[in-house]
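Structure first, commentary second.
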């Protein structure tokens with residue numbers, strides 16, 4: 002019997018077991034859309050009789066732009082690593098959609114909130130620092146070693162995948178919640194929420210697909226979700242508290258995430274249907290922690306596209322003949 006020496010073992014071409022790269026699971030091709038919003042007549046209390054819920058949802062305008070610009074930079078950085086052509090096209094369309102989301106919410110800050118004399122810099126500066134400093138390519142100015150650059154990219158893509166699950170959940174909430182309509186909510190701000198929410202539902206698979214395609218694991222996805230979800234809830238409540246501090250009706254409440262009042266009031270507003278409850282949101286996020294999670298099973302593409310075809314902000318950018326085609330679709 003031939004003897005296999007250590008030197009011969011080292012020369013054997015052992016099979017390489019690599020994780021199979023997954024591609025796109027989006028059910029259709031994504032469509033970037035231009036939109037225009039006219040904020041001239043939108044009141045600060047855009048849900049009549051619901052100042053708490055109005056401020057709480059207005060905080061979304063200040064959370065999103067910095068994050069969405071960061072998504073675009075991060076996904077552009079990931080593009081050279083994508084080997085699946087459909088996924089590459091999904092990512093390009095995702096970038097264009099997110100850029101428009103950032104522009105739309107940035108317009109709401111400048112043309113709506115600031116025109117109502119709301120101080121927004123405190124909230125937006127915090128978000129800018131989070132994404133431009135803490136989650137930058139070189140976090141806090143520290144250069145990532147070359148061998149760890151891909152790991153840092155995948156880590157951040159995992160954060161995006163978790164965020165995109167939450168935005169899909171919130172997008173479906175916006176599309177299905179009729180309490181706002183019954184209360185006589187401002188149509189422009191409702192359109193902003195539903196147009197954006199519908200596109201989040203439409204592109205809900207992209208961030209997760211990209212994360213898996215580049216080698217993101219279930220284990221890391223789980224702990225990233227446990228970081229991301231509480232952080233978003235905290236940023237949302239903290240920013241809303243800052244808006245409420247500027248409203249004399251809440252002066253005696255001294256709004257703060259460290260005071261029980263804001264959490265109790267959130268629960269009260271949820272019971273009236275004007276906000277999603279923290280408990281409901283938490284339960285909806287649990288599906289992301291399942292090993293069997295697939296974003297294509299979340300939300301309704303049909304419902305999203307039906308709204309997008311009729312969104313006033315989208316139709317405002319279309320030529321007359323295009324509007325007629327969209328209306329008859």
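In my numbering, the protein residues as written are 2 to 330.
Each residue gets a CB set at the ideal place from its N, CA and C atoms; glycine is no exception.
Quantities reported herein were computed from a predicted structural model and do not represent experimental measurements.
Cutoff 7 Å; reference residue 292; Cβ partners in own chain excluding five residues on either side: By 1-based counting over the chain shown, the position of residue 292 is 291. Around residue 292, the same chain offers 219 as residues with beta carbons nearer than 7 Å, after the five sequence neighbours per side are excluded.
Beta-carbon proximity list for residue 384, same chain, < 8 Å, skipping 5 on both sides: No answer is possible for residue 384: the residues shown for the chain start at 2 and end at 330.
8 Å contact criterion, which residue 296 and residue 209 should meet: CB distance rounded: Numbered from its first residue, the chain shown carries residue 296 at position 295. Numbered from its first residue, the chain shown carries residue 209 at position 208. Contact annotation, residue 296 with residue 209: C-beta distance approximately 5 Å; criterion of less than 8 Å satisfied.
Beta-carbon separation (whole angstroms), residue 181 vs residue 191, contact threshold 8 Å: Position 180 of the chain shown, counted from the first residue, corresponds to residue 181. Position 190 of the chain shown, counted from the first residue, corresponds to residue 191. Approximately 6 Å separates the beta-carbon atoms of residue 181 and residue 191; this is inside 8 Å, confirming the contact.
Test item: CB-CB of residue 236 and residue 57 under 9 Å: Stepping through the chain shown from its first residue, residue 236 is reached at position 235. Stepping through the chain shown from its first residue, residue 57 is reached at position 56. Cβ distance not < 9 Å, so residue 236 and residue 57 don't count as in contact.
DSSP three-state assignment for residue 181, whether helix, strand or coil: Locating residue 181 in the chain shown gives position 180, counting from the first residue. In this structure, residue 181 counts as helix in the three-state DSSP scheme.
Close Cβ partners of residue 3 (< 6 Å) along its chain, the five nearest in sequence each way excluded: Locating residue 3 in the chain shown gives position 2, where the first residue counts as 1. Only weak support exists for where residue 3 lies, its pLDDT of 39 falling under 50; the coordinates are left without a value.
CA-to-CA distance, residue 156 to residue 307, given in whole angstroms: Mapped onto the chain shown, residue 307 falls at position 306. Mapped onto the chain shown, residue 156 falls at position 155. So the alpha carbons of these two residues sit roughly 34 Å apart.
Endpoints, alpha helix (DSSP H) assigned at residue 123: Residue mapping note: residue 123 aligns to position 122 of the chain shown, counting from 1. Unbroken alpha helix (DSSP H) run through residue 123: 122-130.
Residue 196 and residue 35 closer than 9 Å at C-beta: Here residue 196 refers to the residue found at position 195 when the chain shown is read from its first residue. Here residue 35 refers to the residue found at position 34 when the chain shown is read from its first residue. Their beta carbons are not under 9 Å apart, which means residue 196 does not touch residue 35 by this criterion.
Beta strand (DSSP E) segments (min. 3 residues) lying fully within the stretch 215-280: If only complete runs of 3 or more residues are kept, the stretch 215-280 shows no beta strand (DSSP E) anywhere.
Every unbroken alpha helix (DSSP H) inside the stretch 142-208 [4 residues or more]: Every alpha helix (DSSP H) stretch that sits fully inside the stretch 142-208 and reaches 4 residues is listed by chain position as 150-177, 180-183 and 188-203.
Secondary structure, alpha helix (DSSP H): runs of 4+ residues fully inside the stretch 52-98: Secondary structure within the stretch 52-98: the alpha helix (DSSP H) runs of 4 or more consecutive residues, fully enclosed, are 52-79 (chain order).
Cβ contact (3+ pairs, closer than 8 Å) linking the stretch 254-263 and the stretch 239-246: Result yes; three or more Cβ-Cβ pairs closer than 8 Å.
Cβ-based burial, residue 7 [other Cβ within 10 Å; buried from 16]: As a first step, residue 7 is located in the chain shown; it is residue number 6 there, counting from the start. Any reading at residue 7 must be qualified, since the residue scores a pLDDT of 35, below 50, and its modelled position is unreliable; no value is offered.
Residue 251 vs residue 279 beta-carbon contact at 9 Å: As a working mapping, residue 251 is identified with position 250 in the chain shown. As a working mapping, residue 279 is identified with position 278 in the chain shown. Not closer than 9 Å, so no.
First through last residue of the alpha helix (DSSP H) which encompasses residue 314: As a working mapping, residue 314 is identified with position 313 in the chain shown. Unbroken alpha helix (DSSP H) run through residue 314: 313-316.
Spatial distance of residue 74 from residue 253 (CA atoms): Locating residue 74 in the chain shown gives position 73, counting from the first residue. Locating residue 253 in the chain shown gives position 252, counting from the first residue. Near 42 Å, if we compare the C-alpha coordinates of residue 253 and residue 74.
Between the CA atoms of residue 72 and residue 137 - distance to the nearest angstrom: For the purposes of this step, residue 137 is taken as residue 136 along the chain shown, with counting starting at 1. For the purposes of this step, residue 72 is taken as residue 71 along the chain shown, with counting starting at 1. So the alpha carbons of these two residues sit roughly 11 Å apart.
Nearest-angstrom Cα separation, counted from residue 49 out to residue 70: As a working note, residue 70 is residue 69 in the chain shown. As a working note, residue 49 is residue 48 in the chain shown. Using only the alpha carbons, I get a separation of about 32 Å.
Top-ranked residue by Cα proximity to residue 215, from 41, 154 and 185: As a position in the chain shown, residue 215 is number 214, starting the count at 1. The candidate whose alpha carbon is nearest that of residue 215 is 154.
Short Cβ contact (9 Å threshold) for residue 225 with residue 160: Residue numbering aside, residue 225 sits at position 224 when the chain shown is read from its first letter. Residue numbering aside, residue 160 sits at position 159 when the chain shown is read from its first letter. Yes, the pair counts as a contact, with Cβ atoms nearer than the cut-off.
DSSP-derived helix/strand/coil call for residue 108: Here residue 108 is taken as the residue at index 107 of the chain shown, counted from 1. Residue 108 carries a helical assignment under DSSP once its states are collapsed to helix, strand and coil.
Rounded straight-line distance, which links the Cα of residue 53 to that of residue 26: On the chain shown, residue 26 is found 25 positions in, with the first residue counted as 1. On the chain shown, residue 53 is found 52 positions in, with the first residue counted as 1. C-alpha separation (whole angstroms): 39 Å.
Member of 121, 239, 100 and 194 whose CA lies at the smallest distance from the CA of residue 305: Looking up residue 305 in the chain shown gives position 304. When each option's Cα is compared against that of residue 305, the closest is 194.
Residue 62 classed as buried or exposed, judged by whether at least 16 other C-beta atoms fall within 10 angstroms: Here residue 62 is taken as the residue at index 61 of the chain shown, counted from 1. When all chains shown are included, residue 62 counts as buried.
Backbone CA spacing between residue 106 and residue 222 [nearest angstrom]: By 1-based counting over the chain shown, the position of residue 106 is 105. By 1-based counting over the chain shown, the position of residue 222 is 221. Their Cα atoms are separated by approximately 28 Å.
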